[in-house]
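Start counting the sequence shown at 1; every next residue gets the next number (full-length UniProt numbering).
The beta-carbon is built from N, C-alpha and C at its ideal position, and this holds for glycine as well.
All of these numbers come straight from a predicted model, not from anything done at the bench.
See structure below.
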Amino acid sequence: MSTSGVESLGPFITNRFGDRYLYEVNRSAFDQVGSTAVYQKYFGEDLFQSNRLFVVVGTDSGLLLQHIQKQHFPDGTRYLFVELPAVIEALRAEGKLQDLPERIRVVSLEEAWTQAEDFQLQNYLFLGAVFLRESLAAMDSYLPGYRELSNHLSEQLQAIEWAVRGGLGCKDFILRQLENLGENRIPAIHLKDRYCGKTAVILGGGPSLDELLPWVRDHQDELAVFAVSRISRRLLEFGLTPHLIFSVDPHDVSFDVSKEMLNFWDKSLFVHSYHVSPKLLGQWRGRSVYVGARYPWGTKANPENLDTPGPTVTNTALSLAVQMGFSQVVLAGVDLCFNKEGMTHASGSNESAAGPKLDNVLTVETNGGWHAETGPDYFKAMEILDQQAALARDAGCRIINPAAGAAKMEHIEFLPVENLEYEPLDRPMLPGVFDFLPEEDVETRTAHYQSVLQELECVQNDLEKIKDLAGEALYCNKGLFGRSGKKANFKYKLRMDKIEKRLNQEFSELISLVKKFGIEDFIQVTRLDNEKEWSDEEIEKTADTYYSAYKNSASRLLNAVKSSISRISIRESEESSLNDFGSLCEQWLNDGQPGRFYVWRDRYPDLKDDDLDSSTENLKAQFDKDMNAVETVQAKRTRQMRSLGPLRGKAVRLYKNGDKAGLARISDALSKHENQEEAPSLRALIQGYLAEINDNPDLALECYQELIGESFNALTEDALRRIASISLQSGQLEYAKLALECLAGAIFVYKPQYADLLRLLGQNQAAADLYVDYLERVPSDLGVLIKLGRLYLSMGVSDVARQVFQMALEQDPENYAIEELISDCG
């Protein structure tokens, strides 16, 4: 007996709510309340916002298409459904892809980005208005291809966003740059070419860090030890002090994962981007150098400095190592893939505490020759790091990764540390590196603050003028079209032209910054429905949007500059021990930097605690609370990303591919997963798959039997399907009968398979009853109709057989085989 029906998409079936769907795609997702209620719960109004491009994984057998078409289309919004090819063919045959509105398209992965370009993908990306959503079919991944499709789409969209929006997310960077002006004092160029011919090791957060830390500790006096800030907790646990600590992330989450670095303040040099999180930089008590530009505008006040392009902190560290003159750089914990247990990061991290990440579909070859899983972000980072290593090699710097479990890259040499040869440092990195930096004291810091204030006040004046000119242009725009009680007059157009010319000539440097800072406002000028001709009202509105963007962006930037002026004034006050201490505390707390108190306190060692304001206790308590917080936003998000939900689909894909190594990795990792309520069931399913691949059906049946209990769920269904298949192949028909009886009793779509087996066992009437029950729900299933007719014919009920065949012929009038069956009925 064939079980191919279990593996095929099968016919469209209809539930009691009128939803027609493919069971293999959606199973019972809509059986309880219907698709409309399910979509209202999962999506609400999310899919009906204006000016969005939704890239949707799967169509839920076309039901999600219908749901969107029933609603009022929001202005400027388009829907790109990316579907599995087999499902597209089924939808086309069902007529669900006919007469789709221009704003909706259903395509395969291969066609996705071509169609996205037709949908003005770049404009939507500029607006930050591209959203990836998953259908219920993709979320559940009963068809394993959906998990792979979703991961590929996520990876590709992320790469496109990086390429297109690289300069658009710069507002946060500019704000952090202005906030950090008081601390961006010493440029990193002081370190240029100071370590020619020497060797540095960069410590990243990958799993191989743990195996390499002992070697680094043994050789720390002979090498320069660079560390990314997020591994500081692990280094404290291990007892290793890095010489240089690196951080570049402008967001507060960087403090959550890197705050332990503040414990190294008296030993290490902090190397940071100009836009690093102020919560880290403002509370750092030691020496620091910055990379990049001090000010976000072109000015002679920007000192010469090194540029170390990212996008990641590892890229920054490697770039600086090359510019410092190192001839060898060893990467430790820079794996860019997961270890055999599915771990993404070294011990001591939130990611390690959350357990293995198991829902990935990408694999890469490792230095050791095996294949390891990786994520889309790591996969993209591999390409960038390898390109950077090629440039480093051209500059005379050899890049080495000694970890067998790290991703293999063309321009990074795999060399175990025991085979590494290097020239030791002439003297230990610490405190030697500090000798290259200019001395700092009250006078140098005060001079810096005064220089910054002078620059900020000049920019403040210019921004006020830009804001006023934008306001005048808005006034003229109303006059041009005769609004606000004015008569339409072309003279306003001439005034607007003069304003535009003055903005571009007199304030050229700042205008570029204003546009960059307010890019999301400026690109609102972009039309997403450019099929229509422009009316006067639309032209007026566009000009109004344009100059409003100028005015609003200049206003927000002006507020940021004023805030920076206030902060720099407070920094000046910090240089006097008790000068308005209340104002200092207020600024530190407003900035989320209670630990700034210790920076200030270090400068006045002779000051007695009795002389301090009582508010210092509040500062200390808040700083301790921040430093000891465990349940951070980042920790919660990391645990959520370790969900086991998508894993079933991945296991099915690995099983179908015969990937024993992949299944074994997941099985081992599940035994250590923190979610031991769900993990054992998934592990039993995977162990069954492994036993089947290893040609051990008896063991497979034992594993699947573990999933049969009082409740019926997706894993129970998977197990019963495999039990039925194995039993049929081995001729154990009674076992197969029990499995199919359970399936047919729980879900009606299995009734034809159960009927097939009963017919084989000679239980014809029971088989016929099952076919009839099924056809009452799915009367259009031609294959089952023909099976039922043949069964009646074999039972000698020719008249009934003729009626059934006649129903089949009505569905397929050109089917001559059915006509022959009718003639066989006599």
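Residue i - containing alpha helix (DSSP H), residue span
i: Ala-93; result: 85-94
i: Ser-254; result: 253-258
i: Ala-664; result: 660-670
i: Tyr-21; result: No alpha helix (DSSP H) contains Tyr-21, which is instead part of the beta strand (DSSP E) from 20-22.
i: Tyr-448; result: In the sequence as displayed, the identity of residue 448 is His instead of Tyr. Start and end: 442-480.
i: Arg-133; result: Note, Arg-133: premise wrong, no alpha helix (DSSP H); beta strand (DSSP E) at 130-134.
i: Thr-616; result: 615-628
i: Ser-725; result: 714-729
i: Tyr-195; result: Neither: Tyr-195 is in no alpha helix (DSSP H) and is coded neither H nor E.
Of the residues the options, the one placed nearest residue i, counting alpha carbons only
i: Glu-83; options: Val-55, Leu-125, Lys-267, Gln-66; result: Val-55
i: Arg-176; options: Ile-723, Ile-104, Leu-281, Leu-503; result: Leu-281
i: Tyr-274; options: Leu-212, Asn-123, Cys-337, Leu-178; result: Leu-178
i: residue 830; options: Leu-80, Asn-184, Phe-270, Ser-576; result: Look at the range of the chain in this structure, 1 to 826, and you will see that residue 830 is not part of it.
i: Pro-431; options: Leu-262, Lys-498, Gln-220, Leu-391; result: Gln-220
i: Ser-730; options: Leu-589, Phe-264, Asn-696, Gln-806; result: Asn-696
i: residue 828; options: Pro-187, Gly-58, Lys-751; result: An answer regarding residue 828 cannot be provided, because it is not within the stretch 1 to 826 covered by the chain.
i: Leu-761; options: Gly-745, Tyr-774, Leu-738, Ser-780; result: Leu-738
i: Leu-480; options: Tyr-492, Ala-470, Gly-471, Arg-230; result: Tyr-492
i: Leu-191; options: Gln-158, Gln-803, Val-276, Phe-436; result: Phe-436
i: Glu-455; options: Leu-474, Gln-323, Asn-302, Ile-384; result: Asn-302
i: Ala-406; options: Thr-363, Asn-15, Asn-419; result: Thr-363
i: Lys-96; options: Pro-424, Ser-61, Glu-710, Ala-766; result: Ser-61
i: Leu-743; options: Arg-759, Thr-36, Ala-724; result: Ala-724
i: residue 831; options: Val-87, Thr-77, Gly-76, Asn-51; result: Here the chain has residues from 1 to 826 only, and residue 831 is not among them.
i: Leu-212; options: Ala-332, Thr-316, Ala-129, Pro-11; result: Ala-332
i: Tyr-735; options: Ala-746, Ala-395, Ile-747, Arg-721; result: Arg-721
i: Arg-230; options: Trp-162, Val-248, Val-216; result: Val-248
Where residue i falls, given that 16 or more other Cβ within 10 Å makes a residue buried
i: Ile-13; result: buried
i: Lys-467; result: buried
i: Arg-502; result: exposed
i: Cys-337; result: buried
i: Ala-669; result: buried
i: Gly-662; result: buried
i: His-72; result: exposed
i: Asp-624; result: exposed
i: Arg-427; result: exposed
i: Glu-373; result: buried
i: Trp-297; result: buried
i: Ile-818; result: buried
i: Lys-408; result: buried
i: Phe-490; result: exposed
i: Thr-314; result: buried
i: Lys-494; result: Looking at the sequence shown, residue 494 is not Lys but Leu. Exposed, because fewer than 16 other Cβ atoms sit within 10 Å of the Cβ of Leu-494.
i: Arg-185; result: buried
i: Gln-283; result: buried
i: Ile-607; result: The amino acid at residue 607 is misidentified as Ile; the sequence shows Leu. Leu-607 comes out exposed.
i: Phe-434; result: exposed
i: Gly-826; result: exposed
i: Tyr-816; result: exposed
i: Gln-811; result: exposed
Integer-rounded CB distance, given that residue j should sit under 8 angstroms from residue i
i: Ser-319; j: Gln-388; result: 7 angstroms
i: Leu-740; j: Gln-753; result: 6 angstroms
i: Ala-227; j: Ile-245; result: 5 angstroms
i: Gly-286; j: Asp-266; result: 6 angstroms
i: residue 849; j: His-243; result: An answer regarding residue 849 cannot be provided, because it is not within the stretch 1 to 826 covered by the chain.
i: Leu-758; j: Ala-766; result: 5 angstroms
i: Ser-522; j: Leu-557; result: Checking the sequence, you will find Phe at residue 522 rather than Ser. Their Cβ separation, rounded to whole angstroms, is 13 angstroms, which puts Phe-522 and Leu-557 out of contact at 8 angstroms.
Closer than 9 angstroms to chain B by CB, residue i
i: Asn-713; result: As a matter of chain content, chain B is missing from the structure shown, which is built from one protein chain.
Endpoints, the beta strand (DSSP E) within which residue i is located
i: Asn-657; result: Note, Asn-657: premise wrong, no beta strand (DSSP E); not H, not E.
i: Ala-224; result: 224-228
i: Asn-180; result: Note, Asn-180: premise wrong, no beta strand (DSSP E); not H, not E.
i: Ser-273; result: 269-273
*Does the stretch 563-571 touch the stretch 539-549, meaning 3 or more C-beta pairs lie closer than 8 angstroms?*
no
*Any 3 or more C-beta pairs closer than 8 angstroms across the stretch 126-138 and the stretch 43-52*: A contact exists between the stretch 126-138 and the stretch 43-52.
*Examine the Cβ distances between the stretch 25-36 and the stretch 133-153 and report whether three or more of them are shorter than 8 angstroms.*
yes
*Count the C-beta pairs between the stretch 198-212 and the stretch 594-612 that are closer than 8 angstroms, then say yes if the count reaches three, no if not.*
no
*Three CB pairs or more closer than 8 angstroms across the stretch 607-625 and the stretch 575-590*: yes
*Sufficient close CB pairs (3 or more, under 8 angstroms) joining the stretch 389-405 to the stretch 327-335*: yes
*Taking one C-beta from the stretch 697-705 and one from the stretch 681-689 each time, how about it: are there three or more such pairs within less than 8 angstroms?*
yes
*Three-pair Cβ contact test at 8 angstroms for the stretch 445-465 versus the stretch 500-518*: yes
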